[in-house]
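Enquirer: To start, I am sharing the structure in question, which I have written as structure tokens.
Residue numbers (our numbering): 23 to 276.
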């Protein structure tokens, strides 16, 4: 059985980690490389870095902090934000990232998923999707850091993304982002049974029980930001507790 993954998310703007609620009211939280090192020492399984202003500012991810992170940690990490070509994706991997995340560029040009998968392997391609619930059981895809609605049905886009070659789905509920009220379990449970690739839950984690819920409905990873950044949930304690709940998790005794 594959182990479930605990994944801190570090949203990066202007080379600094920031946190907010519903994608707004951002506050400076720290240096990406220093926080990455701390999370590795705290037994995080992976890290996700999202350069949240790159797409809006029409630029690629700043490469300096990516290399700094790669030089300091040896757990897998994903980088997303502003990647708009397979060549840019290759450059990020060459700097030391294990995976790249596509969001806005993939919606505007779905062929980029195929191109990146052909160049790097589908295991290195994460399709990051930000969604809002527009009516019960229907979610709409948003792009450009959650600023722009697309009219695209989220479930349809997930199926298309997997067909095009993405190896993983990072699914964020914008309605729940930063609220700590729990993940969108109806959405996650539906997606987890719909496609054969791993699903990472994102948006709304506030307690260890929320993370357990995501795993119990079939998610492979649980991503969170503020609860880890501000010490609301301690990763070693969380993993020990999840193991007691019979979740397959990588946990090292102190």
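Glycine included, each C-beta is placed from N, C-alpha and C at the ideal position.
Between which residues of its own chain and residue 147 is the CB-CB distance below 6 Å, once the five residues before and five after are set aside?
Expert: Numbered from 1 along the chain shown, position 125 holds the residue referred to as residue 147. Residues 138, 139, 188, 189 of the same chain have their beta carbon placed closer than 6 Å to that of residue 147, with the five preceding and five following residues left out of the count.
Enquirer: Buried or exposed for residue 106, going by 16 or more other Cβ atoms inside 10 Å?
Expert: To locate residue 106, count along the chain shown from 1; it is residue 84. Label assigned to residue 106: buried.
Enquirer: What do you get for residue 235, buried or exposed, if any count of 16 or more other CB atoms within 10 angstroms of its CB means buried?
Expert: Along the chain shown, one-based indexing puts residue 235 at 213. That one is buried.
Enquirer: Just to confirm before moving on: does the CB-CB distance between residue 245 and residue 177 stay below 8 Å?
Expert: Translated into the one-based positions of the chain shown, residue 245 becomes position 223. Translated into the one-based positions of the chain shown, residue 177 becomes position 155. In this structure, residue 177 does not lie closer than 8 Å to residue 245 by Cβ.
Enquirer: Under three-state DSSP, which class holds residue 157?
Expert: Here residue 157 refers to the residue found at position 135 when the chain shown is read from its first residue. DSSP places residue 157 in strand when its eight states are reduced to three.
Enquirer: Would DSSP call residue 41 helix, strand or coil?
Expert: As a first step, residue 41 must be located in the chain shown, where it is residue number 19. Looking at residue 41 - three-state DSSP - the assignment turns out to be strand.
Enquirer: Tell me which residues share the same chain as residue 269 and place their Cβ nearer than 6 Å to its Cβ, disregarding the 5 neighbours each side in the sequence.
Expert: In the chain shown, the residue the question calls residue 269 occupies position 247. So the qualifying residues of the chain are 26, 237.
Enquirer: Determine the DSSP secondary structure at residue 185, reduced to helix, strand or coil.
Expert: Here the question's residue 185 lines up with position 163 in the chain shown. Helix.
Enquirer: Any idea what DSSP makes of residue 71, helix, strand or coil?
Expert: Along the chain shown, read from residue 1 onward, the residue named residue 71 stands at position 49. Strand, per DSSP.
Enquirer: Can you give the Cα-Cα distance for residue 272 and residue 248, rounded to whole angstroms?
Expert: On the chain shown, residue 272 is found 250 positions in, with the first residue counted as 1. On the chain shown, residue 248 is found 226 positions in, with the first residue counted as 1. If I take the Cα positions, the gap works out to 22 Å.
Enquirer: Return helix, strand or coil for residue 30, following the three-state DSSP convention.
Expert: For the purposes of this step, residue 30 is taken as the residue at position 8 of the chain shown. Correct three-state label for residue 30: strand.
Enquirer: Alpha carbon to alpha carbon, what distance is there between residue 239 and residue 213?
Expert: Locating residue 213 in the chain shown gives position 191, counting from the first residue. Locating residue 239 in the chain shown gives position 217, counting from the first residue. Taking the straight line joining both Cα atoms gives about 10 Å.
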